[in-house]
Structure formats: C-alpha cells, structure tokens
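For reference, the structure discussed in these notes is given below.
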Amino acid sequence: MDRSKRRDEFLAEHGWKGANIVTLAADASFRCYYRLELSGQSVVLMDAPPAHEDTRPFVAVAQYLLKLELSAPRILGQDTSSGFLLIEDLGDGKFNSLLENTDKPDFLYERAIDVLCVLHRAEPPAWLSPYGHKLLLAEVDLLIDWYWPTITGTTIDSSTRTAYSNAWIEVFSAIEFGPPVTVLRDYHSDNLMWLPNRNGVAAVGLLDFQDALAGSPAYDLVSLLEDARRDVSDTLVENMIQRYVSATGTPWSYIEKAYSVLGAQRNSKIIGIFTRLWRRDKKAAYLTLIPRVWRLLENNLTDPLLAPVRIWFDQHLPKYLRQKPQ
C-alpha cells in the first residue's frame, strides 16, 4: 500500500481525519514529525519508515519513563508495522531555544540533572541491551570510517586502524563503568522540552530516547553538558556534576574518570556521525557543529587517562586536520 494512503487511514482510525498538518523540524534520523491540529487539539505524528526505523523501542522506553512519572510523550495511537505513532504534543519550548535567550542557564540545567537522578536511581529495564566496550568501540570507528577519508582523501590503512582500536581498548579497560543505569544516549538541549505547567521533574519533556541502553551513569551527563550545539561553562559543568553526585551518592572520583573517557568516546563518534550526515544523507547543517565538537574532544584528551588515544590523534590526526570538512 502507498505510504501516504496508509498514513491517511491511520489518522482516520484515530480520529484525526482532516487535521491541519504542520511539518516539524527534522532530526538526524529517517524519522519525520508532523503536528496535527483539529478542533483546538493537537498531537504529533511520528512517521518512521520501517525499512530504516523501528518504532517499538520508542514505545517501550516511553512507557518505562512514564511509569517513573517522567514526561515522555504519551502514546496515543500506534501502527508499529507501518511505522506510524501518534504521540502527545509537548509543545515548542525546547531547552536549546530557551537557553539562547537567558543569561541564567543554571535553572534549566538543574532540572535536567534532577531528571537523570530519578532515572538513574531506578532499576533499568531488563530488556535494555548493554552499552559496553564492544558498542563503544564500534561507535568510535565512525570517526575513522567517515571523517578520516573526508578530511585526508584516503582510506585508513589496517595498521593505523588497529592502533586506533587498541588505544581505545586500553582506555576502556582502565576504568570501571559501575552498575548500569538507563542511558538515553541523546540527552541534550535539543531533545529536552520545558513544560511550565508541570511540577518537579515532570516539567522536563523528553524526546528522542528510542536508542536507550543500559550503561554508565556518566554517559548522559556527557550528553547534556558537552553539547555539540552550545557552549557550556566549566563552572556550570562542575556545579551540575556536583548536584548529580550529591543527589545520587555516586562517587565523584568514579564520575570524573568515566566522564572524561565517555566524553572523548562520544565526541569522536559525533564527529563521524556529523560527517556521515553530510556525505551520505545530504544534511550539511551539522558540519557547522564539528569545530565545537573537536574543541570538546581536545579538552577530553588532556586527561592522563586518555594518553593512548591522545597520542594516536597527535600522530595521525594532528591539529591542522581537525576542522570542518569542506
């Protein structure tokens, strides 16, 4: 069946036939989002082609978060085989936009940290896959698979690739990631919504969590505080980590070590992903974010724990190659 026809049927089945349809901003996936407006009400349609996306994890994680009384969108209708979901409309109050218009960002970041505290104190669902060394290593390969050939014009040779992997394995093996928690993985200002009519942690709306895994509590701290889209001051970072540590009882020394290593891992991955979005998916807007991500990565690499990885970068991707691809 034609996809647009099935979409119309899906909307009619759930009482949204004839709704005004407004296209919402696309993200870095194959999913598309639309706001439906009818009789003074609104919902959001997620259109996720099954050949590229699976909506079932979004539904499962949303239901888990809602049980914790966190503000994931409620699922109002679903056809997972066709890749259509009707979800609660959480409005337009993205943290990213609000932070652009305030000189006092602490309040919003504190609320976001409080959400992580609630999430990480809860037992992660047994069905979450682990976010362990194997996947962390596969993700850092995105940098050498996409950024390396783009910036050097060559394919990385096997010995240099092996040295890269070995450096990361040495670093990952040197730290303890601790008891696993639910990691949302893309927990940053562009995926958080401010809901002023709700109280406490429920005032933070959550988006883009379908890739959740069970992993280190430091990972989502990195996602939030080492944001590719905006600068976050060192003082604010330190204050937010301290807020998290105080609320959860997680040792500062553990968070500090895991934060640096996972920061380097995530930022390496993001450089690869943003390059891929341009080369493969023709989404050039992400290229402008790469210089900030390089600055974050270079800061991560100053930690002595990351010496093996820093040495590899200095030898094979020195500073003059750390730039926005052209």
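Numbering (this note's numbering), first residue to last: -18 to 307.
We treat Cβ as the ideally placed atom computed from N, Cα and C, and that holds for glycine.
What do you reckon, are the CB atoms on residue i and residue j nearer than 8 angstroms?
i, j, result
"T163", "A193", "yes"
"L187", "L173", "yes"
"I271", "F255", "yes"
"L282", "A245", "yes"
"L278", "Y267", "no"
"L66", "R55", "no"
"A306", "T133", "Sequence inspection shows Pro at residue 306; the Ala mentioned does not correspond to that position. The answer is no: Cβ separation not under 8 angstroms."
"D171", "N248", "no"
"I292", "W275", "no"
"D138", "D167", "no"
"V42", "Q191", "yes"
"A0", "L17", "yes"
"V301", "A195", "Just to set this straight, residue 301 is Tyr in the shown sequence, not Val. It is not a contact, given that the beta carbons lie outside the stated cut-off."
"A265", "S197", "no"
"L202", "H169", "no"
"L19", "A103", "no"
"A209", "R261", "no"
"P30", "F11", "yes"
"P161", "P106", "no"
State the beta-bridge partners of residue i as determined by DSSP.
i, result
"V25", "R16, I68"
"V3", "R16"
"P111", "A195"
"G186", "S52, M174"
"T163", "A195"
What is the rounded straight-line gap between the Cα of residue i and the Cα of residue j?
i, j, result
"L124", "W108", "29 angstroms"
"E157", "Y235", "7 angstroms"
"I94", "A148", "31 angstroms"
"V96", "S52", "10 angstroms"
"E120", "Y225", "26 angstroms"
"T229", "E69", "30 angstroms"
"M221", "E91", "7 angstroms"
"D28", "C13", "5 angstroms"
"W127", "H33", "20 angstroms"
"A357", "P232", "Examination of residue 357 is not possible in this model, given that the chain is present from -18 through 307 alone."
"A288", "T143", "16 angstroms"
"Q22", "H(-5)", "13 angstroms"
"T36", "Q296", "42 angstroms"
"V242", "L286", "7 angstroms"
"L165", "S110", "12 angstroms"
"K75", "L118", "31 angstroms"
"E219", "R179", "27 angstroms"
"Y310", "S140", "Residue 310 lies beyond the residue range present for the chain, which begins at -18 and ends at 307; the question has no answer from this structure."
"P38", "K250", "22 angstroms"
"L298", "T4", "40 angstroms"
"L79", "E237", "28 angstroms"
"S227", "R(-16)", "50 angstroms"
"E81", "T136", "39 angstroms"
"Q304", "R(-13)", "44 angstroms"
"L71", "T269", "28 angstroms"
"G181", "K263", "40 angstroms"
"H101", "L116", "21 angstroms"
"G310", "D73", "In the structure as shown, the chain begins at -18 and stops at 307. Residue 310 is therefore absent and cannot be evaluated."
"G159", "W129", "32 angstroms"
"I2", "E207", "35 angstroms"
"H114", "K(-2)", "47 angstroms"
"V290", "Y15", "42 angstroms"
### Message
Under 8 angstroms, with one C-beta from each stretch per pair, do the stretch 54 to 73 and the stretch 147 to 159 reach the 3-pair mark?
### Response
The stretch 54 to 73 makes no contact with the stretch 147 to 159; the number of CB pairs closer than 8 angstroms stays below 3.
### Query
Taking three-plus beta-carbon pairs below 8 angstroms as touching, is the stretch 84 to 99 in contact with the stretch 209 to 227?
The count of Cβ pairs closer than 8 angstroms, one atom from the stretch 84 to 99 and one from the stretch 209 to 227, reaches three, so the stretches are in contact.
### Query
If you scan the stretch 30 to 99 from start to end, which runs of the alpha helix (DSSP H) of 4 or more residues do you find wholly inside it?
Listed in chain order, they are 37 to 48, 76 to 81.
### Task
Mind listing, in chain order, the continuous beta strand (DSSP E) runs of no fewer than 3 residues lying wholly within the stretch 272 to 301?
Whole beta strand (DSSP E) segments, 3+ residues: zero.
### the stretch -11 to 6 contacting the stretch 16 to 30, beta-carbon criterion three pairs below 8 angstroms
Cβ pair count under 8 angstroms is three or more, so yes.
### Task
Tell me the start and end of each unbroken alpha helix (DSSP H) in the stretch 108 to 149 that is at least 4 residues and wholly inside, in chain order.
Within the stretch 108 to 149, the complete alpha helix (DSSP H) runs of at least 4 residues are 114 to 123, 129 to 133.
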